[in-house]
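One structure is given below, encoded as C-alpha cells.
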Amino acid sequence: MKLELKNVFNLKVFIVKGFLMFAVILVFCFPLNSLYASGSMANLNEFIISKNFQEVTVSGVVVDKDGVPLPGANVSEKGTSNGTQTDFDGKFSLIVSGENAILSISFMGFVTTDVPVEGRETLSITLEDSAAALDEVVVVGYGTQSRRDVTAAIASVPMDEIKDMPVSNVAIGIQGKVPGVQIQQTSGAPGSTPSIKVRGFGSISAGSDPLIVVDGNMVSAQVFNLINPNEIESIDILKDASSTAIYGSRGSNGVVMVTTSRGKAGRHVVTLDMYTGFQEISNQVDMLNSEQFAEFSREAANNAYLDNVPGATPSDPNDVRPGDYLRYRYPRGENFEWLNFDDPSNLPYHDYQDLIFQRASMNNYQLSASGGTDKVQYAVSGGYLGQNGIIKRSNLDRYTLRANVDINITPRLRMGININPSHSIRQDVNASGHWASNGIINSALAAVPMAPIYSEDGAAYSSQAAISAPYGWPGVPNPIANITEVDNQYSYTNLLTNAYAEYQIFDDLEYRVSGNVNLNNTRRDIYQTSKLPLNQLLPPNQATASTSSEQGINWVFNQTLNYNKNINEMHDLDVLIGMETYKLQYKNSLASGTTFASDIVPTLNAAGQPTSVSSSEAETSTLSYFGRVSYDYDDRYLLNASIRLDGSSVFGPENRWGTFPAGSVGWRLSEEPFMESFTFLSETKLRASYGLSGNNAFDTYYPYIASIGEDNYSFNGNLVTGLGPSSLGNAELGWEKSRQLDVGIDLGLFDQRIYFSVDYYNRTTTDLLLAVNVPTITGFSTAFTNIGEMENKGWEFALNTDNLTGQLLWETNLNLSFNRNEVLELGPNGDPIRSGSGIGQTNITQIGSPIGNFYGFKQLGVFQDEADLQSYPHYATARPGDVKYEDVNGDGEITADDRTIIGNNQPDFVYGVTNTFAYSGFDLSVSLYGQQGGEVLNLSRRFIEQLEGNQNQLTTVLNRWRSPEDLGDGVTPRANSRTTGNNNAVSSRWVEDASFLRVQNITLGYQLPQNFIERIRLQQARIYLSGQNLYTWTEYLGYNPEVSGYEGALTGGVDYGAYPLPRTVTLGVNIGF
C-alpha cells in the first residue's frame, strides 16, 4: 500500500512538473523541433534528411494517430523478403538496399502504408486507422461494411476534429460536421441536450429525433449526453431508408451509430486527457441606461395623459394629474423614498445582465487504460466533468466510468462485455419563460435599471416595486432573488451494459447473440423560499417544494446469423438474418407541498400542507425479425436489400405489425476498364436507394385504448371524486410510415486528395398521428388517428480536400445542406393546426406550407400622422404613432381574421467548414458553422420593446415614433403607458432573421517531439489551447439565433428568454504513459 501511494504521489509530482515544462518547451524547443518527427500529427514525409547512395540503415518509430507506439507492426522492404517488426516501444531498425528503397508498414486494424526512404535515416511513421481511408469500415445496423461498398447515404463524423473541443456533449462537437444533420444548441445551460434532426422534421406528433445506438444499445439523447467524447471511437449517421429500414419502426428519422473505444492487441497504454478553462457570456443585449429610461418613461406617461385627459399638457405637474398618469417616480429602500425622474443625473444604475452572469470555470479529467494480447483485449476509463454555468448558481458535475473486455475463448468463439455507469448532478435555474413566472433572463432584461436590488439588511428584494405598481401593474421579479431563493437540483444515474458472444460455425457462417440493458433513475428537488412573492409590495408567499423521481429500464436481446462468402474473387455475398426483442418499463412519482414552518428544513415531510401527490407507470414491448442481403460483383456492381417486421404493443391488434423493406444499388464506375485512362479519378460511385421505415415514438403509450382518470360527479347532491373516461381510444391506429428516395454520387480525385459527394433525397411521411376533432356526442373533443402527410426533400454536399501535403499539411472539410419541408395533408377537412407558446396562438401548421409557421399580424409600419391613420383600417383605439397592421382579408377592419403566416424557423440552408493545419509538431483547427435564412419569433421583445414605460427596453426604442415630424425608424411605435392600437400583438414586428455565421471552434496544439518525450518516459504528449463559440455574426437582437424555447415541431424557433450560449476557452493536455 505504501508503494502504491508513493507511485500516486510521484505521478502527481510528475504531472505538475510537466505543466511547467510545456511552457518552456514551447519557447525554447521550437527552433529545434524540425530535427524531430512530430508525433501523432506528423505526416509520413516528416523526417531527418541523411543522404547516402549505398546500403543504408533506416530506423524509426511507428505510431497511431494519437502518437501511441504500435508494437509488432510489420516493416518490410518492398519487393524483397527483407523485413522486421517494431519492438515493444514501436521502434524498428532495418538495413535496406539503398536510399531509393520503399518500406511497407502494416499492422492489424490499420491501413498498410508504403513509405519511400529517399535517403532518410530516421522516420516517424503514423499509420492511419482503417476508419480513415477509402476502405474504412462504417458501422451499419447489426454489422459493419466497407466504405467502398456502401450504397446508402451514410456519413461518418470526423472524430479527429472534435476530440479537443471543450464540449460536455459530443453532439455539440458534431454540429456543422455532417451534411444533412442539423444540430441546434437551443440552450447553453450546463448539461443541456442539443436538438438533433436528420433531414428535417419527420413527424408532427410522434417525434423527429433520430434513433441513437451506442454499442448496440438503443438509448435516449439524455444517455448520449452522458458519454465522454474522449471515449468514442466512431460515429456513423444513417440517413436514407436503405440504411435505416433495418431498424424498422425506429428508423424513419435517421440512426446515429456510436461505437466506443475498445482495447487492441499490443502494448498496454495509459492516457490522461484533461483541460481547464472558463466560460463567459458571448454577447449581451443592449438595454437603456437609467437616464435613457427616465426620459422614455416620462414620455410614456405624458402620451397616455394627453390621450385620455382633455386639455392636458406635457408640463402638467403630478398634483394636477389623475393617479394613473403621474410623471413616474420610483421607490428606493425600505422606507420607499422617492427618486424623481425629472432629475435623471441622480438616478442609480444597475446592469442586471452583469449581475446574473458570471465568468464560470470548467474542468474535465479523463484517465484511461487499454491493451491486451491476441487472446484478451481490454479498455477501462474514468472521467469527471465539472462545469459552472454562466448564470450564477447553475452547474453540472458528471462522473463516468467505462470498462469493456473482449476474449477469444477459442479460435471460433469470441465473447465480450461492456459496462458504462454514469452519474450527474445538475443545479438548474429557471432561465426561460415569462418574467411573471420568475424567468430569470426576461426578469433581468425587463428590470428597471435604477430599481433597488438589496434591502438594508443585505438580502435581495424579491421583486421590484415597479414604477407602475401603484396603478395595478405587477412588479418585475428581482432576478437576483430568483437565483438565490430557489434551489432546483436534478440528478441522473444511468447504467448501460451489453454483452455478446460470436461463434464462427463455419469459415463463412457466424452466429452472434447479444443482450443490452439500460437502467436509469432521475430525481428533481425544487424548493422556493417564502421570500419570493410575485410583487415586493405584496406580503410574502408561502414556501413551496416538490420532489419528482423517474425510474426506467429497457433491455434488448438480439441474435443474428451472418453468411459471408467470396466466390472466385468476383462475387461477394453477405446475408444477415436476425430477431430482436425490446422492452421498456417506466415509473414516475411526484409530490409537492407548501406552508413550511421554516426555510431551514426544505424537505416535504416539513410541509404543513401537501398540494399534490401523483404517480404513473407504463410498459411497452416490440418483437422484430429482420434480414439483409448485400452483393458485390467484381468490385463494380453493388446491391443491397433489407426487410424488417416489427410488432409493437403501442398499437391495436389491427395494425400491430409493420413491414419495412428497402433496397439500394451502386455502380463503381471508376473500376470499369473503359475508365482506366482517367487516371485522375481514384473513385467514382453512383448510388440510388429507396425504402420504407416507420415511427412509433409517440408520447401516449397506448393511444389505441380508451383511458380512464380521476373525475368529479354529483352523488346525493354532493360533489364526489371517482373515475371516468379521460381519452377516446382508436383500435385502428398504426405506424407512421416514411418512404424515401435517395440518389447520390461519390467522387474521388488525385488519389483521394479531393473527395466530393452529393445526395438528393425525397422523403414522404404518411399516416401521421394527429389529434382530430370528433363529434361532441362522444364526450371528447379530439381523438388520435392516422391521417396526415408531410414531405422533406433536399440536397446535401460534402467536399474534403488535402490542399497541402508534406511537412506543411492543410486539409479542408466543407458541407452544405438544403431541406424543404411541406405539409401535404392534415385532418379530415384539412383544418390547420394552431399552437401556442405561452401567450396564445403563435404558430400555425397548414397544408402547402412548412410545419410550425409563425402566425400573427403583418406589420406595415406605424401610422405617421392623423391623415395616415384615417386612410387605412385600424383598431378603434389606435393613434398616430401606433402600429399599422395589414388588412389581409380586405374587409376594411383589423381583426383576428387578419392574422397570417409571418415567418418560419426552418433555414434555407446550413453549412460548416473546417480547416486543419499541421506543421513541425504544431496543429491548428478552425471550424465555422452557420445557417442562411429562417426566422426567430423573439417574444422576449414583447416585454423589452413594449414601450409602456414600466419595464426596461432595448436601445432600439431610441428610434421610436415621437411626432409626425420625428418618425423614428418607421417601425418602432410611440411610448405610451396605456398602450393603444394593440401594438404588442404577435406580429411580424417580433420576427427576426435567424441567419448567422459562428466561429465554432479554434484549437491550437503542439505535439512534443518523440525523442524528447521518450527521455521523460512518456509515449506521447500534446498541449493545446481551444476556444468554442468565439464569435457569431448575426443581425439577431437576442442572445442566440438558434434558440427554440419550446420543444416540438409545432412551436420551433420561439425565443422566450432561453439560457444563452457561453464562449468557452480551455487549456488542455493529452499524455500517454
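Sequential numbering from 1 applies to the sequence shown in UniProt numbering.
Heads up, the beta-carbon is just placed ideally off N, CA and C, and yes, glycines get one too.
In angstroms with no decimal places, state the Cα-to-Cα distance between residue i and residue j.
| i | j | result |
| --- | --- | --- |
| N813 | T916 | 9 Å |
| V137 | T778 | 56 Å |
| N430 | R1022 | 40 Å |
| I745 | E671 | 15 Å |
| V256 | L211 | 6 Å |
| N843 | F818 | 23 Å |
| V743 | V823 | 23 Å |
| D882 | E825 | 39 Å |
| G251 | F278 | 39 Å |
| T877 | G981 | 5 Å |
| G371 | Y378 | 6 Å |
| L1067 | L1025 | 5 Å |
| S649 | W657 | 9 Å |
| S621 | P610 | 36 Å |
| F750 | K65 | 23 Å |
| C29 | T271 | Residue placement at C29 is poorly supported in this model, since its pLDDT is 36, which falls under 50; the coordinates still yield a value, given next. So the two alpha carbons sit approximately 24 Å from each other. |
| K392 | E295 | 32 Å |
CB residue i to CB residue j, shorter than 9 Å?
| i | j | result |
| --- | --- | --- |
| P880 | R974 | yes |
| V68 | I105 | no |
| P190 | I183 | no |
| P907 | S995 | yes |
| L385 | N363 | yes |
| P850 | R899 | no |
Can you name the start and end residues of the alpha helix (DSSP H) that residue i belongs to?
| i | result |
| --- | --- |
| Y352 | Y352 to I356 |
| I944 | R941 to I944 |
| S677 | Run containing S677: none; DSSP gives neither H nor E here. |
| P479 | P479 to T484 |
| V170 | V170 to I174 |
| I125 | Element bounds for I125: not the alpha helix (DSSP H) but the beta strand (DSSP E), R120 to T126. |
| Q953 | Counting along the chain, Q953 falls outside any alpha helix (DSSP H), and DSSP gives it neither H nor E. |
| V223 | A221 to L226 |
| N303 | S290 to N308 |
| R1015 | Q1010 to R1015 |
| L445 | I440 to A446 |
| D868 | E866 to Q870 |
Kindly list the residues whose CB is nearer than 6 Å to the CB of residue i, restricted to its own chain and excluding five residues on each side of it in sequence; keep chain order.
| i | result |
| --- | --- |
| S757 | D746 and A798 |
| I162 | G173 |
| S987 | G856, F857 and Q859 |
| D215 | T260, N418 and N498 |
| A985 | F857 |
| P31 | Unreliable placement is indicated for P31, whose pLDDT of 33 sits below 50; no coordinate value is reported for it. |
| N521 | T493 and Q551 |
| E866 | P880 |
| S927 | T914, Q1000 and N1001 |
| E619 | Q585 |
| I441 | A431 and G1057 |
| S689 | A152, D240, S242, S664 and D742 |
| D487 | Y527 |
What are the boundary residues of the beta strand (DSSP E) that includes residue i?
| i | result |
| --- | --- |
| F92 | K91 to V96 |
| R820 | L808 to E825 |
| D646 | Y637 to S648 |
| L937 | E935 to N938 |
| A360 | A360 to G372 |
| L604 | It is not in any beta strand (DSSP E) - L604 carries neither H nor E in the DSSP assignment. |
Leaving out five residues on either side along the sequence, give the residues of the same chain with a beta carbon under 8 Å from the beta carbon of residue i.
| i | result |
| --- | --- |
| G722 | E710, D711, N712 and Y713 |
| F107 | V62, L70, G72, A73, N74 and L127 |
Can you list, in chain order, the residues of its chain with a C-beta nearer than 7 Å to that of residue i? Leave out the 5 residues immediately preceding and following it.
| i | result |
| --- | --- |
| G788 | I204, L768, L770, E825 and L826 |
Cα-Cα, which of the options is closest to residue i?
| i | options | result |
| --- | --- | --- |
| Y511 | M579, T484 and L496 | M579 |
| F651 | L733, I95 and L939 | L733 |
| H268 | D374, P964, N217 and S612 | D374 |
| D831 | D307, E1014, V774 and G416 | V774 |
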